[in-house]
Amino acid sequence: MGTYYNILYNGNIALKEGQEELHDSYQEDYWKILPIERMQVLPDQERLNDENRNENFIRAEEKATKSIQKHSMYVGGKEYNPQMDEAFLLLGKSRYFDQRFIPAKDAFSFILNHYPKSSTVNEVKIWNEKANMRLGYYQEAVENLENLVNTKEMDDEVRVLALTSLAEVYLEIDEISQTIPTIDEAIGLTKDNALKGRLYFIKGQVYQELNQKDSAHLAFEKIIELNRKTPRTYRIHAFLEQKKTESYENLAYDETDLFFNELIEDRENRSFLDFIHYERAAYLNQLDSIDLAVESYNASLKESSEDPYLKAQAYKDLGDIYFNRASYLTSGKYYDSTLTNLTERTREKIRIQKKRENLDDVIKYEAIANKNDSILYLVDASENERLAYFEKHVDSLKEEAKSVFTSDKALKIGQGFKQRSSRAPVQGASVFYNENLKQRAYKQFTKTWGELKLADNWRMKPQKSNDAIAQGADSDVDPMEEEFKSPKYDPETYISQIPTEQKVIDSISDDRNFAYYQLGIIYKEKFKRYDLATDKLESVLKQNPEERLILPSKFYLYKIYQDTGESSKELKWKNDILQNHPESNYAKIIRNPEAFASDANNPQNIYYQTYKKYESGDYTSVIAECNAYSAQFTGTNIAPKFELLKAKAIGRVDGMKAYKKALNYVALTYPQSKEGKYAQDRYNQLDQKVAKAEFTDEAEAEEFKLVFEIIADVNVDELNEMIKNEIQEMGYGFNLTKDAYSNNLTFLIVHGLNSKLGGQGLAKKLVEKLEELNSTSYFIASSHNYRVIQIYKMNEEFKNK
0 MGTYYNILYN GNIALKEGQE ELHDSYQEDY WKILPIERMQ VLPDQERLND ENRNENFIRA
60 EEKATKSIQK HSMYVGGKEY NPQMDEAFLL LGKSRYFDQR FIPAKDAFSF ILNHYPKSST
120 VNEVKIWNEK ANMRLGYYQE AVENLENLVN TKEMDDEVRV LALTSLAEVY LEIDEISQTI
180 PTIDEAIGLT KDNALKGRLY FIKGQVYQEL NQKDSAHLAF EKIIELNRKT PRTYRIHAFL
240 EQKKTESYEN LAYDETDLFF NELIEDRENR SFLDFIHYER AAYLNQLDSI DLAVESYNAS
300 LKESSEDPYL KAQAYKDLGD IYFNRASYLT SGKYYDSTLT NLTERTREKI RIQKKRENLD
360 DVIKYEAIAN KNDSILYLVD ASENERLAYF EKHVDSLKEE AKSVFTSDKA LKIGQGFKQR
420 SSRAPVQGAS VFYNENLKQR AYKQFTKTWG ELKLADNWRM KPQKSNDAIA QGADSDVDPM
480 EEEFKSPKYD PETYISQIPT EQKVIDSISD DRNFAYYQLG IIYKEKFKRY DLATDKLESV
540 LKQNPEERLI LPSKFYLYKI YQDTGESSKE LKWKNDILQN HPESNYAKII RNPEAFASDA
600 NNPQNIYYQT YKKYESGDYT SVIAECNAYS AQFTGTNIAP KFELLKAKAI GRVDGMKAYK
660 KALNYVALTY PQSKEGKYAQ DRYNQLDQKV AKAEFTDEAE AEEFKLVFEI IADVNVDELN
720 EMIKNEIQEM GYGFNLTKDA YSNNLTFLIV HGLNSKLGGQ GLAKKLVEKL EELNSTSYFI
780 ASSHNYRVIQ IYKMNEEFKN K
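Now the structure itself:
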């Protein structure tokens, strides 16, 4: 039996080491209620990967298996070695921590079935229910653990295991209120201060979740009282959580600032500075001490936290701060970092993603506005003002170049030293003297100081050697001076690029005004920043805008002042629209907003009616109406819908090339709208999925179409009905459709023909029976070739091939 106990002893040592590794590698998530047992349950696919398995648990299982194989006396359905229960318990535990829960249950069940009187039976029952919990059998685990907890004959250590396991199941099924009495009993029985600290922390988190702040405060205080008896991580987080329970806005500033300073200055807290700085930032943010909050958020991020959610929250809060300051470019960068650190697709991530997407248009149009404002400023500036502007720009470029030159020089020296120091010394040479190193140092010295005579006080009064004097003054040339002779550092290079042609200047001004207009709409509709919206829209009207921007800008100013309750300004723009644009839709909205919302002039209704025309094949009217309405509703959500509908109509009339051009316009003009994104995706797909502009040999084709070419002045619907009736009378089941080819030509197509000869025979019969077809041209094409004809508008090419 000595061998038996030796094997079990080593197995239990391996199990304990594995548990310690599991605890040490576990990444705590203090943003949620902590689990009682520190074990990250992996998905099935990852769990089966040998790379994710812990060697200690494998070794523990091997020891347990070896013990059972060598010492089990299982005869006739009965085990005669009473110590085997310990081996099976080790086997079950090692499998449990190896996350093979069903095999673990097999081991536990063997004990329960064959060793019902074992001294470990209660512990085995608990582990069996822990496995049930991991497998999702929560109800069974709760019932059995509750019965176990009520068992009186149980050691304190085993009872603590039962209580903590029951509390774990309660947490899993969100019955968090029931965990409190269970945790309290476990705290009273356990002698493990590390576990006690964890249980107190979980208790405090549960009270926080139940919004019982006073009880949570007391629970965290218990951890603080344990001092060094419990892991420091619980104590530091207890300090921080305790402050939250007191409500930051109710805390005395001096006292709270001192509290955070003491935590930060304590060297033992260096591992927790990321959380400490973050909580300090959150406190300052709530006090509206925004600049100090930004400093603390950045301090938290500099700590290179291992908690991705902490970094995500810090970035998000910084993004919100700059968003509220209307620094949308900076805000967007912080939101990008937030999304990078939010790995799971939660509602929070979706919300931030949407907010970030809303910034794309702002960033785009702010960049256009700022760039064009700068250009137009320079267009109007005097020669002296232009020179001063670009001299300042060139000075900054020179400073940047010097900085880069210096850092590159230092980097090269550092890299050279690193390379030299990593080499082994030449055999027989001194470790502290190297001829190659001497030569390099000499070259570096002469490059920096030149060829100097060996003399005292050489740095203060350098004297050149005769060789240096003979070489002339070339060695004194500053390499940066040569660099600065480049056109890049000449202000005239930039001055010469300022546009002078009026047509170009007008185009820049129009782009600037359109960007201002779009920003005004975005600030109003998406962000409700009426101050920024009015500033942009009023600027549009002051800057000689295009005609199409004037009326919409006035209308949105009217709507903004209506929303903000500034009645005098609202009245000003209302009267302006009614007097200067009395027949416009905007004037109609002002006169009778309720009627307009439901009548045919509603933009949605207009779009619906236009779309019906598209479905009926009236593409010419659709294109004309979309042109008018997209201009009329510039800046609204309906405008890209009209543009996309127009692109589709253009494609049906003018073919693939025109369709791609129209799609490209929609994609570039409305990149953040659904229509713009659809247009971009469709544009990208066309080259890959659409047939090439090439006809194929029809000898192998299996399906053909008979196509009648109907000119514009013929009643297509009437002729369509006549052909359909004739086909039915002939007893054929061919399908007949009409398809617009161009403004002046419509195709009537008979589908389902299986040969070209059959198509010609059917066409001959129809022409003989219907006089209306006598003067009508027709052709038979394979399905593939017809598609090419229609997509690329190659009817004539097909007939002439």
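Counting with numbering that gives the first Met the number 0, you get residues 0 to 800 for the letters of the sequence shown.
The beta carbon of each residue, even a glycine, is placed where N, CA and C say it ideally should be.
Given the structure is predicted, the values throughout are model-derived calculations rather than measurements.
When the options are compared against residue i, the one with the closest alpha-carbon
i	options	result
N5	S24, Y29, W30, E85	E85
E356	I521, S508, L283	I521
I263	S299, A251, Q285, D287	S299
E305	D154, R651, F274	F274
R37	E54, V715, Q18, N636	Q18
S508	E254, E482, Q542, I494	Q542
T619	N742, T150, P230, P34	N742
K65	L89, N53, E152, P42	L89
A140	L170, E152, P115, K151	L170
A380	I497, Y8, K363	I497
D256	S583, L286, H236, A638	L286
Y41	Q789, K553, N53, I32	Inspection of the sequence shows that residue 41 is occupied by Leu rather than by Tyr. That would be N53, whose Cα lies nearest to the Cα of L41.
Y658	V120, N323, Y791, T635	Y791
V539	Y555, E796, R158	Y555
W126	F258, K116, V157, N112	V157
G757	Y740, A780, Q177, L744	A780
G135	I172, L147, S118, T163	I172
K525	L570, I588, Q177, D359	D359
L765	S246, R231, L705, I110	L705
D534	A325, S117, E796	A325
L239	Y114, N260, R227	N260
L7	E302, M83, G654, E20	M83
E804	I175, D716, G519	Summary: the structure shown does not reach residue 804, with the chain confined to residues 0 through 800, and so no result is reported for it.
Buried/exposed call for residue i, threshold 16 Cβ in 10 Å
i	result
Y327	buried
W30	exposed
L396	exposed
A280	buried
A161	buried
D97	buried
G564	exposed
H216	buried
D394	exposed
A251	exposed
E278	buried
Q608	exposed
H22	exposed
G730	exposed
N776	Checking the sequence shown, residue 776 turns out to be Ser, not Asn. Exposed, because fewer than 16 other Cβ atoms sit within 10 Å of the Cβ of S776.
T695	exposed
N799	exposed
A13	buried
S421	The predicted position of S421 is uncertain, since its pLDDT is 42 and thus under 50; no value can be drawn from it.
K124	buried
E60	buried
E693	exposed
N143	buried
Nearest-angstrom beta carbon gap, residue j and residue i [assumed within contact, 8 Å]
i	j	result
I836	A666	For residue 836 there is no data in the structure shown, the boundaries of the chain being 0 and 800.
A514	I374	Actually they are not in contact, since the Cβ atoms of A514 and I374 sit about 13 Å apart, beyond 8 Å.
T337	K315	4 Å
I576	Y529	The pair is not a contact, with the Cβ atoms about 19 Å apart (cut-off 8 Å).
F389	P486	With 8 Å as the limit, F389 and P486 do not qualify as a contact, their Cβ atoms being about 12 Å apart.
A311	L283	Contact doesn't hold; Cβ gap of about 19 Å is too wide.
V361	I320	The pair is not a contact, with the Cβ atoms about 16 Å apart (cut-off 8 Å).
Closer than 9 Å to chain B by CB, residue i
i	result
S495	The structure shown contains no chain B; it is built from a single protein chain.
TODO: Say whether the segment 617–632 touches the segment 758–768, bearing in mind that this needs 3 or more beta-carbon pairs closer than 8 Å, one atom from each stretch.
DONE: Note that the segment 617–632 does not touch the segment 758–768; fewer than 3 beta-carbon pairs, one per stretch, sit closer than 8 Å.
TODO: Can you check the segment 266–322 for any alpha helix (DSSP H) of at least 4 residues that lies completely inside it and give the ranges in chain order?
DONE: Note on the segment 266–322: whole alpha helix (DSSP H) runs with a minimum of 4 residues are 272–285, 289–301, in chain order.
Open item on the list: I'd like the ranges of any alpha helix (DSSP H) spanning at least 4 consecutive residues and lying wholly in the segment 128–200.
Closed with: Every alpha helix (DSSP H) of 4 residues or more that sits fully in the segment 128–200 is shown, in chain order, as 137–148, 155–171, 178–188.
Task: Inside the segment 613–700 only - alpha helix (DSSP H) runs reaching at least 4 residues - done: The qualifying runs are 618–631, 638–653, 655–668, 673–688.
Task: contact_flag[the segment 223–232, the segment 202–214] where n(CB pairs < 8 Å) is 3 or more - done: Contact fails: fewer than three Cβ-Cβ distances are below 8 Å.
Task: alpha helix (DSSP H) segments (min. 4 residues) lying fully within the segment 5–44 - done: Annotation note: the segment 5–44 contains no uninterrupted alpha helix (DSSP H) run of length 4 or greater.
Open item on the list: Counting beta carbon pairs with one atom in the segment 744–754 and one in the segment 711–729, are three or more of them shorter than 8 Å?
Closed with: For the pair of segments examined, the segment 711–729 was found to touch the segment 744–754: the number of CB pairs separated by less than 8 Å reaches three.
Task: Whole beta strand (DSSP E) elements within the segment 717–741, 3-residue minimum - done: Counting only runs of 3 or more, we get 734–741.
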